[in-house]
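Heads up: the sequence shown runs through residues 194 to 331, numbered per our numbering. Cβ coordinates follow ideal geometry from the N, Cα and C atoms, glycine included. Note that the coordinates shown come from a computational prediction; the quantities given were computed from them, not determined experimentally. Below: one structure, written as structure tokens.
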Amino acid sequence: MYSKSTLYLISILLLTALQFSCSNDAPKPNAPSPIVTSRDVKYEVTGTAAGQFTNIGIIYLDANGTAATEDTPSLPWFKNVVIDKSVRAITLNVSVSNAQQGQLITAKIIVGGVVKRDYTATVASNGIATIALPVYIF
């Protein structure tokens with residue numbers, strides 16, 4: 194068996210080691226946010242607007258950063274894309290026409306399950322609503 198002084202010394206050493214091994218785990222007050230590495234993007238357009246989309250419809254950037262368009266007859270609309278690492282930024286634009294005044298349309302860019310850009314527009318008296326989301330930079 195160990196003597197009391199040996200056990201005391203071992204416990205002090207273990208507590209000291211534990212204290213120093215965990216001291217770097219605490220968040221630092223001015224530490225930068227973690228870098229988002231996910232390239233899994235979900236474009237989402239929802240709302241109450243029930244009209245015919247214009248010829249432009251929905252414009253988004255595909256996996257290679259190339260503009261792609263879709264004419265969608267109704268909401269909701271979703272598109273999941275894995276963006277190539279060479280693409281530095283993405284965006285989403287939506288245009289609706291022939292909708293009833295006061296209806297809503299919402300566009301979102303979701304990266305890695307986190308909403309990064311979103312905006313809701315109200316259809317104007319001319320039946321048009323447009324959204325041009327700010328660019329999201331990886």
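What are the boundary residues of the beta strand (DSSP E) that A256 is part of? Careful: A256 lies outside any beta strand (DSSP E) and carries neither H nor E.
Examine chain D for any beta-carbon lying closer than 8 Å to the beta-carbon of L285, and answer yes or no. Considering every chain present, this structure includes no chain D. It has just one protein chain.
Which same chain residues, not among the five before or five after G295, have their C-beta less than 7 Å away from its C-beta? T315, V316
Start and end of the beta strand (DSSP E) containing K301? 297 to 304
Reduced DSSP category for T262 - H, G, I as helix; E, B as strand; rest coil: strand
For a quick check, are the C-beta atoms of V287 and I251 less than 8 Å apart? yes
When the Cα of K301 is compared with those of Y253, V275, T262, which residue comes out closest? Y253
Short check: CB of D255 to CB of G305, under 8 Å? no
Less than 6 Å between C-beta atoms, sequence neighbours within five positions excluded: which residues of the same chain meet that for L285? Y236, Y253, A300, I302, L326
So what's T315 in DSSP terms, helix, strand or just coil? strand
Can you tell which of I324, V328, I330, S231 has the C-alpha that lies nearest to the C-alpha of N273? S231
Secondary structure at T323, three-state DSSP: helix, strand or coil? strand
In DSSP terms, what I251 is bridged to: E263, V287
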